[in-house]
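For reference, the structure discussed in these notes is given below.
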Amino acid sequence: MDGIASKKLIHHIDTLVKRFMQLLTDKKENPGDNMMIFMLKNPAMSHQELQDNMIMLFIGGHDTTASSIWTLFYYLACYPDIQWQAQEEVMEVLGDDIDQTVK
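Here UniProt numbering is used: the first residue of the sequence shown is 1, the next is one more, and so on.
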């Protein structure tokens, strides 16, 4: 990856890796059981591999979220009756307090 944006991304990911490593050091007794802690506990994994895996997880998470949202909108457009039902359910749950969705 070349360019200013990718260098910034790598810098931020490097910072995250260091924070997770510090978290692991601070919480040796019970660090948790998330994916990053699992990777950090693996002595065979280098710092570069940790960075690469975090980039993959962030980018992969972004793509799947975008794809899911696009698919949702596509099907709601194809099936207006379902769109109407979804809108009615949102209005039933939120009522006039629609601002809850952006809090």
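By construction, the Cβ of each residue, glycine as well, lies at the ideal position given by its N, Cα and C atoms.
Check, Outcome
"For the alpha helix (DSSP H) that contains P80, what are its first and last residues?", "P80 to L94"
"Have a look at M91 and L76 and give me their C-alpha separation to the nearest angstrom.", "16 Å"
"Report back the beta-carbon spacing between I13 and I55 to the nearest angstrom; my notes put them in contact at under 8 Å.", "6 Å"
"Hey, which unbroken runs of the alpha helix (DSSP H) at 4 residues or more fall wholly within the region 34–63?", "35–41"
"Between the region 3–18 and the region 33–53, can you find at least three pairs of beta-carbon atoms closer than 8 Å?", "yes"
"Nearest-angstrom Cα distance between F38 and V17?", "12 Å"
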